[in-house]
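The working numbering applies: residue 57 is where the sequence shown begins, and numbers increase by one.
Don't be surprised by glycine CBs; every beta carbon is placed ideally from N, CA and C.
Every value quoted in this text rests on a predicted model; they were computed, and no experiment measured them.
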Amino acid sequence: MRLIDTHNHLDFPDFDADRAAVLARCRALGVGRQVLAGVYRANWQRVWELAGAEPGLYAALGLHPLYLERHAAGDIGELGAWLRRLRGEERLCAVGEFGLDYYLTEPDRDRQQALFEAQLRLAAELKLPVLLHVRRAHAATIATLKRFRLPRAGIVHAFAGSREEAREYLKLGFRLGLGGAPTWPRANRLRRVVAELPLEAVVLETDAPDMAPAMHPGVRNSPEYLPEICTAIAALIGVAPETLAEASTRNACELFGWAD
57 MRLIDTHNHL DFPDFDADRA AVLARCRALG VGRQVLAGVY RANWQRVWEL
107 AGAEPGLYAA LGLHPLYLER HAAGDIGELG AWLRRLRGEE RLCAVGEFGL
157 DYYLTEPDRD RQQALFEAQL RLAAELKLPV LLHVRRAHAA TIATLKRFRL
207 PRAGIVHAFA GSREEAREYL KLGFRLGLGG APTWPRANRL RRVVAELPLE
257 AVVLETDAPD MAPAMHPGVR NSPEYLPEIC TAIAALIGVA PETLAEASTR
307 NACELFGWAD
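Next up, the structure:
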């Protein structure tokens, strides 16, 4: 199988001891491309350097809502400067990870919304796809996306919404990122939604080092687990793993503008 991990955090310190070995195992398993998502200003340089260290690694840069207290007033301007400077670089593939998170009472929702919209404006200006973090905030996210109508859509990372919310995202041109969450037997509602998704809606991801799949409970998640995630999700959808891998790879390549 040829696979693309459309969302991970390979730059995190969790991988400092064995990052090269992880990448070697990924290549041997068919995980040929990976998207490393930036989450705050201080890690953009590291993400960018890692994306240039080996073929098949790409960078997305953004300001994550859960780091709202870490973001300074000038960070959105700095993000714009980074994205404009790197515009046209092959390894820059998206704006992200950013979005809305209503799971916790903090961070402040108004500040989240302002930061969300500022990054959507940057993506629209630069015609880049987006990697969206959406947790318990699908209604607000969909309403905002309908107002912006991005020239290029993107991925709703770690999708865990309803059938109706999935349909709304698909109508807006988005793909739905699926990783470890639907592999857990207790995720009954999500598993029912995933089972009904069309293949053209799905891209695969790990969110490593977070959101480990059921096959690897209680350990660091890794992009090398993507083939097992693919197999588990393919069983939910009712297709062969190779069929899902081919569809996810095709969908990711179309989204990011890569040759398949």
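- Here DSSP, grouped into helix, strand and coil, assigns ASP72 to coil.
- In this structure, the alpha-carbon of ALA257 lies about 17 Å from that of ASP316.
- Put simply, of TRP314, PRO254, HIS272 the residue whose alpha carbon is nearest the alpha carbon of THR299 is PRO254.
- Counting every other CB atom within 10 Å of its CB across the protein chains shown gives SER218 a total below 16, marking it as exposed.
- Rounded to the nearest angstrom, the gap between the Cα atoms of VAL212 and ARG140 is 23 Å.
- Boundaries of the beta strand (DSSP E) around ASP61: 59–64.
- Residue state for HIS127 is assigned as coil, using DSSP reduced to three classes.
- Its Cα nearest to that of GLY88, the residue ASP61 stands out among GLY130, TYR281, ASP61.
- A straight-line Cα-Cα distance of about 13 Å links PRO273 and ILE285.
- Distance from the CA of ARG126 to the CA of ALA150, rounded to the nearest whole angstrom, comes to 22 Å.
- Under the 10 Å beta carbon count, VAL275 is surrounded by fewer than 16 other beta carbons and is classified as exposed.
- Excluding the 5 residues flanking it on each side, HIS65 has same chain C-beta neighbours closer than 8 Å at LEU92, ALA93, VAL95, ASP263, ALA264, PRO265, ASP266, in chain order.
- DSSP places ASP166 in no beta strand (DSSP E) but in the uninterrupted alpha helix (DSSP H) bounded by 165–182.
- Around the beta carbon of MET271, fewer than 16 other beta carbons sit within 10 angstroms, so the residue counts as exposed.
- Cα atoms of PRO163 and TYR123: separation of roughly 8 Å, rounded to the nearest angstrom.
- A Cβ-Cβ contact shorter than 7 Å links ASN99 with ASP67.
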